[in-house]
Structures are given as C-alpha cells and as structure tokens.
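J.:
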Amino acid sequence: MLNTPVSVFGDPSRIWSVPPEDVSRQATAALRGYVYQLHASAAAWLALGVDDELYLEVAEDFTELLRESEMGDEVLKATQVKDTRDSGAVTLNSPDVLDAIEALHRLRVCNPNREARLVFLTTSDVGKERKNALPSGAAGLTAWEAAASGGDVEELRAALLQRTLSDELRTFVTNSPPEQLRAELLSPVTFACGALDWRSLEEGNRRALVTRRDEFQATVEMARRAYDAVFREVVACVLGPAPRSLGGVQLQDCLELATSIAIPSGVVDNLLGERAARPSTTLSMDELCNLAESLIETGTPPSIDRLLPTANTVARDAIIDAFSVKPRLTEIISDKAPSNASISDLIGFSEKKHLIVSQPGSGKTHALWRAANELLAAGTIIPLYLPAGQATSWRDLEEMITEAAPGVALTTLFRVYGFNG
206 MLNTPVSVFG DPSRIWSVPP EDVSRQATAA LRGYVYQLHA SAAAWLALGV
256 DDELYLEVAE DFTELLRESE MGDEVLKATQ VKDTRDSGAV TLNSPDVLDA
306 IEALHRLRVC NPNREARLVF LTTSDVGKER KNALPSGAAG LTAWEAAASG
356 GDVEELRAAL LQRTLSDELR TFVTNSPPEQ LRAELLSPVT FACGALDWRS
406 LEEGNRRALV TRRDEFQATV EMARRAYDAV FREVVACVLG PAPRSLGGVQ
456 LQDCLELATS IAIPSGVVDN LLGERAARPS TTLSMDELCN LAESLIETGT
506 PPSIDRLLPT ANTVARDAII DAFSVKPRLT EIISDKAPSN ASISDLIGFS
556 EKKHLIVSQP GSGKTHALWR AANELLAAGT IIPLYLPAGQ ATSWRDLEEM
606 ITEAAPGVAL TTLFRVYGFN G
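Position one of the sequence shown corresponds to residue 206 (this note's numbering), numbered consecutively onward.
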C-alpha cells in the first residue's frame, strides 16, 4: 500500500534518473484515492434500490437519493470516500473528520425539514486523540457512535466545542438540546472506518455480480467480466454532463449489454443446423477435445511474472522457469500407489478421486492447469479442467461446460464417455 517514490528506472545497466524536484510530484496516492472512490461509487450503484438514484460528484463524492418505504420523503445519503490507511488512524481531531461534520451540517441547513445523512468511508482505523482527549478515555469517534445510538451527548458536545468549528456549527452545537443534537448531527453521521482497500472492494463488486447473474442471464465468467463495463460507466458518468446520475434501469442495461455475445446470423444458422442433425446429448471426440481445450483456455491462471512487474527480464525469466518445473506429489495416502508421483500419474491409480493439498500460493492451480494441458496433448485422456476457485456452487461448474457445449446433459456426458470425478 505504501507509495514508494521511483527515482531511477529503465535497464539497470543504463538507468534513467528522475530529477529530485520531480520525484515528489509522483501522484500515486492521489490516483489511488480516485480509483478507490470510483470502486466505492460502483459498489453503491450495484446496491442501489429499484427506485433510488445515485449522483456522482454532486453532493460529496457520491450521493444516494433513497426512497425508503416508511418515509414519506426521499432520504439524501451523502458519502465521503477516503483511502487514507497509509496516513494512519483518524480521530475527532482529523481535519477530514471535522470537514465531514461541517458538510453534513451545511446539507441540513440548505435543506430544512428534510432527511440528510452522511457516511465518512475510510480505510483508516479509529484512533484515540492525544490532544484534547475525552475525559472518559474513549476515542472520540467511538464516543460519537455511542451518543448517536442513545448515549449521553454532553461529553461529545464539550469535545466538539474544543475543536475548530465554523461559527454556524459552533452555535448549533452550543445551543441545541441533547435530543436535537443527537437527531440532527450525531445520528445522521456514520464513521465507517477500517474499510477494505480498493482491490478488495473491486473483488467484492465482481462477486456481487456473480451472485446476481440470474438477473441478466449471464455465466459466472461473463458476470465477473461485466464489472469492467460497470466501472467504465461510472467513470463516464462522473466525467460527463449534468446531472451525473445513475439508476437501476441503467445498471440493468449496462449488465445485459456487457454479458451479451454478438454472433453473425450465418453462424447461428450453421450451429442450429448442426444441432438439429444429431442428438443433442452426444458429442463427437473432436467436439469433446474442443470442449476440453476451451475449458483449459478459459481457466488459464495468471502468469507468475505479473507478481514481479518491476523485475528485469533475466530475473523474471528465471523465476518463470523455476515455477515451470513439473511438481511431484508426496505423502500419497494409498496402499497401491507409490510414495510420490506427478499429477498426470494419478490417472493410472485405481482410485479415481484425489484431493491435493498444500500451502496457499504453492502452485496447485498452475500445476493442475499444466497437467490438464499435458493430458490433452498426449491424447490418452480428455480432461475437463474446471477452475472451481471462481465458482460459488456446483451450478457454476455446470455452466462452464454447458456454455461451451449447449444442450448436452452433464450426466450423459460423464456416463457415455466413461469419465470419473
């Protein structure tokens, strides 16, 4: 997460140097903050109700207009997004925290007698104040949550008045009765601290689309890829003209377009003709091989060299060669098997079901993928390689096969061709 400045780059034998004055201008932290805001905005869009609206960079980083059933009027929920974990914890003394409190007060003043809320979303954890600490010893933001939930407000009132506030907010905090202070300032503000980083947020958004893929009739892989279109739409919206809003209908249209496959009509006619000419429950050996090849290609794991983007060519080639060595399994639990063997050797064992275990990151996925390639190339067996790590249920695995071979029943496929799980 740390933003390490880059002062030299290029071929190590003839490096380029960055002028010292320009090293400080490397804006990775600012860019990461914007990326985090866009992913958080996308998460809000995915969670939006059917009749709700999302506005980007209108009031705060993004704002939701929520039409809650028990409320006669819509509720405005504004969110400030801060990817500030590298800067340390946040407290009641943090300028960003005080700015958020001021922002909520301004919103309520500009919209009297309407329901406005504010969420302060940050990757930073809650810290304790060193200056002007609360007499109880509690962290200011922890005390805020307790007071907002019905606890005593006086300690927090006194703490706020020790901070630098606008004249308008100071007057409100000073003169408001406890219940008014709670209802109009404390309860409407939520400090969501210790939030996930942008990579985790992106992955959560992709998984959310996989979970709801039935809404737009998509496969697991297409649903995951559809998030790329969602993210692009958020960027286009925030950089576009007024009103910079997104809704449920736009999301549905975006997902349906992103998960649809354009096929020339001639190809469709040929495919339908071929299906009509033979039973839909069987595959030729060539088709079976094509299916296996397609599954292997779809499940290709990421290259190990992506973990070392800054390494020179020689070092990256060396580590790729090291990981390309065929691994051997040890401690095989079987009375009729050797103590160690390659993954490809397993097909010769009398047992046809195997569980391969090792430490995370030890290369199980890459090893299984290479073994599937070797078996298919050898022609002695046709492997169906299914990357189960991307699946949430057996139905997801079924879809990986039926997408490539529509109309073929899996039970028939395994029974006719003698596959063993």
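C-beta: ideal position from N, C-alpha, C; glycine also. Just so you know, these numbers come straight off a predicted model, no measurement behind them.
Less than 7 Å between C-beta atoms, sequence neighbours within five positions excluded: which residues of the same chain meet that for residue 551?
T.: 559
J.: Kindly list the residues whose CB is nearer than 8 Å to the CB of residue 341, restricted to its own chain and excluding five residues on each side of it in sequence; keep chain order.
T.: Within the same chain, Cβ atoms closer than 8 Å to the Cβ of residue 341 are found at 348, 360, the five residues on either side in sequence being excluded.
J.: Using CA atoms only, rank isn't needed, just tell me which of 474, 549, 489, 603 is closest to residue 582.
T.: 549
J.: Using the rule of at least 16 other Cβ atoms within 10 Å of the residue's Cβ for burial, across every protein chain shown, is residue 592 buried or exposed?
T.: buried
J.: Taking the beta strand (DSSP E) that residue 491 falls in, what are its first and last residues?
T.: Where residue 491 is concerned, there is no enclosing beta strand (DSSP E), although the alpha helix (DSSP H) it sits in stretches over 490-503.
J.: Just confirm the distance between the C-beta atoms of residue 161 and residue 320, as a whole number of angstroms; I'd bet it's less than 8 Å.
T.: Any property of residue 161 remains undetermined from this structure, which presents the chain solely from 206 to 626.
J.: Go ahead and label residue 316 buried or exposed: buried means 16 or more other beta carbons lie within 10 angstroms of its beta carbon, across all protein chains shown.
T.: exposed
J.: In the structure shown, what three-state DSSP assignment does residue 239 receive?
T.: helix
J.: At the level of alpha carbons, what is the spacing between residue 241 and residue 327?
T.: 10 Å
J.: Is residue 220 buried or exposed, if buried means 16 or more other CB atoms sit within 10 Å of its CB?
T.: That one is exposed.
J.: Decide yes or no for the touch test of the region 249-264 against the region 441-454: beta carbon pairs closer than 8 Å, at least 3 of them.
T.: Contact holds between the region 249-264 and the region 441-454, because three or more Cβ pairs, one in each stretch, are under 8 Å apart.
J.: When the Cα of residue 373 is compared with those of 309, 322, 318, which residue comes out closest?
T.: 309
J.: Is it buried or exposed for residue 210, if we count other Cβ within 10 angstroms and need 16 for buried?
T.: exposed
J.: Who are the Cβ neighbours of residue 607 in its own chain at under 6 Å, not counting the five residues just before and after it?
T.: none
J.: According to DSSP, is residue 585 part of a helix, a strand, or is it coil?
T.: coil
J.: Whether or not the region 375-392 and the region 350-367 are in contact is what I'm after, with contact meaning three or more pairs of Cβ atoms, one per stretch, closer than 8 Å; do they touch?
T.: yes
J.: Note down the Cα distance separating residue 432 from residue 387, rounded to an integer number of angstroms.
T.: 39 Å
J.: Take residue 569 as the anchor and find which of 587, 272, 346, 532 has the nearest alpha-carbon.
T.: 532
J.: Let's see if you can read the secondary structure: which residues bound the alpha helix (DSSP H) around residue 438?
T.: 425-443
J.: DSSP three-state label for residue 465, please.
T.: It is coil, neither helix nor strand.
J.: What span of residues does the beta strand (DSSP E) with residue 258 cover, start to end?
T.: 258-263
J.: With the cut-off set at 8 Å, would you say residue 424 and residue 345 are in Cβ contact?
T.: no
J.: If the criterion is Cβ atoms closer than 8 Å, does the pair residue 325 and residue 358 meet it?
T.: It is not a contact, given that the beta carbons lie outside the stated cut-off.
J.: Can you tell me the Cα-Cα spacing of residue 402 and residue 213, whole angstroms?
T.: 28 Å
J.: Starting from the C-beta of residue 590, find all residues in its chain whose C-beta is less than 8 Å away, skip the five residues before and the five after it, and write them out in chain order.
T.: Here the set comprises 497, 500, 501, 504, 573, 574, 577.
J.: Measure the CB-CB distance between residue 268 and residue 281 and report whether it falls below 8 Å.
T.: yes
J.: For chain D, is any of its Cβ atoms less than 8 Å away from the one on residue 321?
T.: Of the chains in the structure shown, none is chain D; there is only one protein chain.
J.: Could you check what DSSP says for residue 388 in three-state terms: helix, strand or coil?
T.: Here residue 388 carries a helix assignment [DSSP, helix/strand/coil].
J.: Who does residue 450 pair with in a DSSP beta bridge?
T.: 260
J.: Residue 218 to residue 517, Cα distance in whole Å?
T.: 11 Å
J.: Tell me, please, which residues DSSP counts as bridged to residue 569.
T.: According to DSSP, residue 569 bridges with nothing at all.
J.: For residue 363 and residue 305, what's the separation of their Cα atoms in angstroms?
T.: 18 Å
J.: Between 446, 227, 283, 415, which has its C-alpha nearest residue 600's C-alpha?
T.: 415
J.: Tell me the rounded alpha-carbon separation between residue 571 and residue 520.
T.: Spanning the two alpha carbons is a distance of roughly 20 Å.
J.: Taking the straight line between their C-alpha atoms, what separation do you get for residue 253 and residue 224?
T.: Near 47 Å, if we compare the C-alpha coordinates of residue 224 and residue 253.
J.: For residue 307 versus residue 371, is the C-beta distance shorter than 8 Å?
T.: yes
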